[in-house]
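In the numbering used here, the protein residues as written are 1 to 225. Just so it is clear, CB atoms sit at the ideal spot from N, CA and C, and this is done for glycine as well.
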Ligand code: CA
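Shown next, in the form of structure tokens:
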């Protein structure tokens with residue numbers, strides 16, 4: 001099990017990481033919204049322990065983006081009582097559970113165990129960003145409302161990019177996402193699929209474009225106006 005702790009109190013994050021690590025979990029800890037986005041772009045987590053008050057933003061933003069992108073990863077919000085004023089809103093935004101600070105380590109461990117026993121939330125059936133919407137059940141792609149034909153490999157690449165919209169998707173994760181459906185894929189085939197996808201998006205008037213980050217991966221983002 002791999003966990004991401006998003007917590008700007010380094011002492012608390014270190015304590016949580018150590019306790020969870022001693023119980024056999026692989027733990028990464030980051031201290032802010034931007035670092036969390038970067039971590040989520042390159043690794044797959046079974047659960048996220050999310051603080052809300054972060055120095056560069058609100059943890060709710062991370063939660064909203066994950067859910068809007070159709071990411072079903074389990075999220076335990078760990079925050080001070082005051083920040084929980086809108087508990088219902090928090091659960092509606094897609095948190096699986098919450099834990100109020102201060103808490104005992106035993107309680108944290110029990111909540112994490114309970115969380116990991118639950119299935120991850122089902123992926124949103126429709127991934128969308130800008131004027132692009134992909135129904136992952138039927139693999140129907142619509143751009144600006146019109147159905148757009150695209151070969152299955154390009155659609156798999158697009159689905160992986162859409163689920164990480166606005167963040168870096170590493171080459172490895174993109175390959176994993178495509179390999180799981182299509183095991184004849186070579187790195188060249190991914191690059192070829194990206195360039196065909198880019199051309200199709202442009203021809204169909206998509207407001208999104210794919211940017212290559214040399215040696216790192218790709219970002220799908222709104223086209224500059
Ligand atoms: Ca905080």
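Cβ separation of residue 76 and residue 112, assumed to be a contact under 8 angstroms, to the nearest whole Å: 7 angstroms
Please indicate yes or no: does the CB of residue 9 lie closer than 7 angstroms to some heavy atom of ligand 1? yes
How many whole angstroms separate the CB atoms of residue 93 and residue 127, which I take to be in contact at a CB cut-off of 8 angstroms? Wrong, their Cβ atoms sit about 18 angstroms apart, outside the cutoff.
Leaving out the 5 sequence neighbours to the left and right, which residues in its chain are closer than 6 angstroms to residue 209 when beta-carbon positions are compared? 223
Between which two residues does the alpha helix (DSSP H) harbouring residue 223 extend? Premise fails: residue 223 is in no alpha helix (DSSP H) and is neither H nor E.
Taking the continuous alpha helix (DSSP H) assigned at residue 74, which residues delimit it? Careful: residue 74 lies outside any alpha helix (DSSP H), inside the beta strand (DSSP E) at 74-80.
Three-state secondary structure (DSSP) of residue 1: coil
If the criterion is Cβ atoms closer than 8 angstroms, does the pair residue 6 and residue 62 meet it? yes
Distance check for residue 35 and residue 141, CA to CA, integer angstroms please. 31 angstroms
Sorted by chain position, which residues of the same chain lie with C-beta nearer than 6 angstroms to residue 154's C-beta, five sequence neighbours on each side aside? 193, 196, 197
Pair within 8 angstroms by beta-carbon distance, residue 1 and residue 49: no
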